[in-house]
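*Asks:* Protein sequences, first through last, are from chains A and B. Note that the first sequence ends on residue 486 in the numbering used here; no numbers are left out. Note that the second sequence ends on residue 145 in the numbering used here; no numbers are left out. So that we are looking at the same thing, I have put the structure below in structure tokens.
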Amino acid sequence: MADNHHDDHDHGHIQLEYQPALPIPNGKLCLWLFLSTEIMFFAGLIGCYIVLRFGAPDGTWPKPLDVHVIEFWGAFNTFVLICSSVSIVLALEAAKTDNEPLAKKWMYVTAVLGCVFLGVKMYEYNGKFSHGIYPSKSPRSLLYDKADLYYASAVRQNLDQKALDITNKYPTPEERVGNKDVTDQLATIEKLRKYMVGYTERIAATSDSDAERHAVLQIMAYQIYPLERNARLVVGDHENHIKGLVDLEVEVWKKNYPAIKAAYADGLAAETEFKSQQVQLEAKLADAKKRLADASADGQEAPQELTDEVNTLSTQVAAAGTAAATAAADNKAATAAYDMAQGRWELLAEFHGVEGPPAEDGAAGVSGDDGAEGEADAHGHDEHHSTVSFSTDWINNKHYHGVNTKYEDFLMMPMMIPSGNMFASTYFLLTGFHAIHVIVGLIFFAPMCFYWRLDKRGANLIENVGLYWHFVDLVWIFLFPLLYLF
Amino acid sequence: MADHGHDDHGDHGHDDHGDHESHGTGQYIVVFGVLLALTATSFMIAISPIMNTPVIAWTLMMAVSCAKALLVIAYFMHLISEANWKWVLTIPASIMSVFLVLMLVPDVLERTKTYEEERWLHASEPVVEEVVEDEHDHPEGEHTH
């Protein structure tokens with residue numbers, strides 16, 4: 001054959017006509033072969049995502065809002081990619097008609113649109129990173145799949161570390177006292193350590209009831225990071241999961257509070273009683289000592305009975321002092337319980353809209369079972385007041401403030417997002433691979449915009465890069481509903 | 001779509017040679033418009049009450065996505081006007097893709113059906129329809145729907 005080529009030009013020509021296996025340029029054929037492998041590659045990735053997502057334990061996959069996936073930006077990026085598909089195809093058309101300036105112009109547009117897509121992607125990634133959503137279980141990741149004791153201890157460690165950071169930054173008390181921000185932050189951390197984690201850990205470790213242990217951990221998780229999914233989880237008609245749990249805790253609280261308060265009041269009364277006795281005796285002793293001193297000052301020997309009286313009173317004062325100290329020590333546990341009950345109520349009021357102040361209205365609160373509910377009915381549908389014993393505001397307007405939102409300027413605590421880790425892994429894998437393809441496309445766009453000729457001879461080149469770019473668009477067409485809308 | 005194809009073919013079909021046949025800007029704009037409309041459709045489905053029965057909404061959205069994908073492949077990637085080699089490259093790849101996903105169904109999609117009690121200790125808790133009561137006693141029962 002090769003010999004024939006040298007000898008006979010006619011045969012050589014015929015031979016060249018038979019050369020291509022398909023009626024398309026070799027470059028395009030290769031590109032299509034590459035794309036068919038790409039189809040399987042992305043089908044594998046998307047398929048994995050589908051089976052992982054729909055095989056997750058029932059109802060646990062996070063809703064978009066829970067993991068800072070914003071539908072608008074997904075739709076916007078879809079729009080951007082569709083536009084860029086059109087622009088590159090228009091560049092091809094222009095090149096085919098040998099209109100190089102127009103082809104270049106459309107390529108610029110395509111490149112800019114590709115950059116816009118990546119920019120939005122970066123913005124979205126940043127939003128996730130800054131909320132502790134990372135693809136792997138790194139130390140920075142704040143995702144926890146369930147509210148268990150590991151979660152509670154992670155929350156405690158997080159708070160301890162935060163407090164340590166602040167005190168390291170402002171080592172001396174003087175630096176802290178003048179700085180309102182710092183003192184407020186430390187007070188908040190202390191409050192959360194005591195009434196949120198402390199309480200939760202104690203109940204979770206000591207309660208006999210599975211349900212109570214479970215509930216207290218769940219409540220803590222919602223205080224930190226309320227989930228749209230759980231807020232919308234319908235239990236009764238107008239109730240929901242977390243409301244039920246909080247109501248349970250409120251019920252228990254109301255049941256225990258009178259006893260705690262009574263114990264505290266009794267202890268306090270005893271302590272005061274002993275203290276006042278001590279004070280009276282001290283006054284008497286001082287008086288006796290004075291009389292003894294007066295008597296001695298005259299130069300005479302003090303009467304025996306005065307000395308005896310002073311001695312007796314001294315003993316009594318010491319005894320009264322010991323009794324008062326014992327009473328105070330006895331009262332310590334009751335005081336702590338009382339303090340915890342109050343702090344806990346304030347926390348429930350702060351993060352779950354529980355109504356009815358514990359101290360002042362305590363009697364009213366505990367008098368009837370329906371204390372809080374009754375009040376709620378009275379308040380009706382006041383917008384900014386929590387209506388029921390649990391605020392439904394955040395379910396409706398999506399602006400509920402958990403600890404992470406309320407104190408986001410200095411606190412970012414572990415979040416309970418069921419299947420959140422699986423979500424993060426698959427989300428970053430899929431969008432990451434897609435973004436890499438976008439970057440590769442942009443790498444080809446650069447010489448097309450600034451170096452290569454895009455006249456009639458460049459049309460094949462544009463067509464091949466265009467095919468690749470359309471495929472990138474194609475993948476996003478499937479990723480958008482799967483990641484943003486499902 | 002087919003109508004537009006014919007129109008444009010009539011208008012510009014003969015100004016180019018061989019495999020570099022022009023498809024006309026007008027057709028691209030029409031396809032572009034349809035793609036935007038379909039994107040808007042998925043978005044509307046996602047915020048509509050159809051989402052209360054997710055399976056229907058998901059199916060609709062995937063159908064819309066497939067329609068978009070076909071439009072892109074057919075018109076932007078010019079596959080509609082290519083010779084028969086297009087089937088050789090696309091059909092096997094697509095079938096392989098579908099099979100690949102189906103292969104994963106028994107082991108991965110239905111993995112929670114074979115979870116041991118111990119495995120549930122480390123899994124996300126299935127959402128229960130009642131307030132609290134007996135979670136940990138019957139982890140198997142909760143996810144049988």
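Backbone N, C-alpha and C define an ideal beta-carbon position, used for all residues, glycine too. Since the model is a prediction, treat every value here as computed from it, not as a measurement.
Could you please give me the residues that DSSP links to A/Y144 through a beta bridge?
*Replies:* In DSSP, A/Y144 forms a bridge with A/M416.
*Asks:* Beta carbons nearer than 7 Å to chain E: which residues of the stretch 96–113 of chain B have them?
*Replies:* Here chain E cannot be found, since the structure's protein chains are A and B.
*Asks:* Among A/A349, A/L292 and A/A319, which residue has its Cα nearest to the Cα of A/E524?
*Replies:* Outside the modelled stretch of chain A, which goes from 1 to 486, sits residue 524 of chain A, for which no answer is possible.
*Asks:* Any beta carbon from chain A within less than 8 Å of B/V55's own beta carbon?
*Replies:* No, B/V55 lies away from the interface with chain A (no Cβ there is under 8 Å from its Cβ).
*Asks:* Beta carbon of A/N311: closer than 7 Å to some heavy atom of the ligand GTP?
*Replies:* Ligands are entirely absent from the displayed structure, and the ligand GTP is therefore not among its contents.
*Asks:* Output the boundary residues of the alpha helix (DSSP H) element that contains A/D409.
*Replies:* Taken as a continuous stretch (DSSP letters only), A/D409 belongs to no alpha helix (DSSP H), as it is neither H nor E.
*Asks:* Considering Cα atoms alone, identify which of B/W85, B/L89, B/T41 and B/E116 is closest to A/T78.
*Replies:* Looking at the Cα atoms, B/T41 is the closest of the given residues.
*Asks:* Have a look at A/E309, A/V279 and A/A283 and flag the residue whose alpha-carbon is nearest the alpha-carbon of A/T292.
*Replies:* It should be noted that the sequence gives Leu, not Thr, for residue 292 of chain A. When only C-alpha atoms are compared, the closest one is A/E309.
*Asks:* Distance check for A/S209 and A/S419, CA to CA, integer angstroms please.
*Replies:* Straight-line Cα distance between these residues: approximately 26 Å.
*Asks:* Which chain B residues are close to A/M50, counting only those with a beta carbon under 7 Å from its beta carbon?
*Replies:* According to the sequence displayed, residue 50 of chain A carries Ile and not Met. What A/I50 touches in chain B: V101.
*Asks:* Taking the alpha-carbon positions, what's the A/L479 to A/A43 distance?
*Replies:* Their backbone Cα atoms lie some 11 Å apart in a straight line.
*Asks:* Using only CA atoms, which one of A/E282, A/L268 and A/S207 lies nearest to A/A329?
*Replies:* It is A/L268 whose Cα lies nearest to the Cα of A/A329.
*Asks:* Between the stretch 62–85 of chain A and chain B, which residues of the former have a C-beta closer than 8 Å to a C-beta of the latter?
*Replies:* Answer in chain order: E71, A75, T78, F79, I82, C83 and S85.
*Asks:* Compare the C-beta of B/I50 with all C-beta atoms of chain A and state if any pair is closer than 8 Å.
*Replies:* Not closer than 8 Å to any Cβ of chain A, the Cβ of B/I50 fails to qualify, so no.
*Asks:* Between the stretch 90–106 of chain A and the stretch 26–36 of chain A, can you find at least three pairs of beta-carbon atoms closer than 8 Å?
*Replies:* Too few Cβ pairs lie closer than 8 Å, so no.
*Asks:* Could you spell out the range, first to last residue, of the alpha helix (DSSP H) harbouring A/V182?
*Replies:* Looking at the DSSP string, the run of the alpha helix (DSSP H) that includes A/V182 is K180 to K191.
*Asks:* Taking B/M61 as the query, report the chain A residues whose CB atoms sit under 8 Å from its CB, ordered along the chain.
*Replies:* Within chain A, the residues near B/M61 are P481, L485 and F486.
*Asks:* Counting only Cβ pairs nearer than 9 Å, list the residues of chain B close to A/A43.
*Replies:* Here the neighbours are A93, S94, M96, S97, V98, L100 and V101.
*Asks:* Measuring alpha carbon to alpha carbon, tell me which residue in A/W106, A/F41, A/H68 and A/V155 is nearest B/V101.
*Replies:* With distances taken between Cα atoms, B/V101 lies closest to A/F41.
*Asks:* Does the count of Cβ pairs from the stretch 281–291 of chain A and the stretch 315–323 of chain A closer than 8 Å reach three?
*Replies:* Yes: the two stretches touch, three or more of their Cβ pairs being nearer than 8 Å.
*Asks:* In the stretch 143–172 of chain A, which residues sit with their C-beta less than 9 Å from some C-beta in chain B, listed in chain order?
*Replies:* Listed in sequence order: D145, K146, A147 and D148.
*Asks:* For B/M77, which of helix, strand or coil comes out of DSSP?
*Replies:* Residue state, collapsed to three classes: coil.
*Asks:* Going by alpha carbons, who is nearest to A/L159 out of A/M413, A/Y257 and A/Y151?
*Replies:* Nearest of A/M413, A/Y257 and A/Y151 to A/L159, Cα basis: A/M413.
*Asks:* Have a look at A/A325, A/V246, A/D294 and A/L245 and flag the residue whose alpha-carbon is nearest the alpha-carbon of A/F274.
*Replies:* Comparing Cα positions, the closest option is A/A325.
*Asks:* Quick check: the Cα distance between A/H131 and A/L142, rounded to an integer number of angstroms?
*Replies:* For A/H131 and A/L142, the distance between alpha carbons rounds to 8 Å.
*Asks:* DSSP three-state label for A/P173, please.
*Replies:* A/P173: helix per DSSP, three-state reduction.
*Asks:* For A/Q278, collect the residues of the same chain with a Cβ closer than 6 Å to its Cβ; drop the 5 residues on either side in sequence, then sort them by chain order.
*Replies:* Cβ within range, chain order: A320, G321 and A324.
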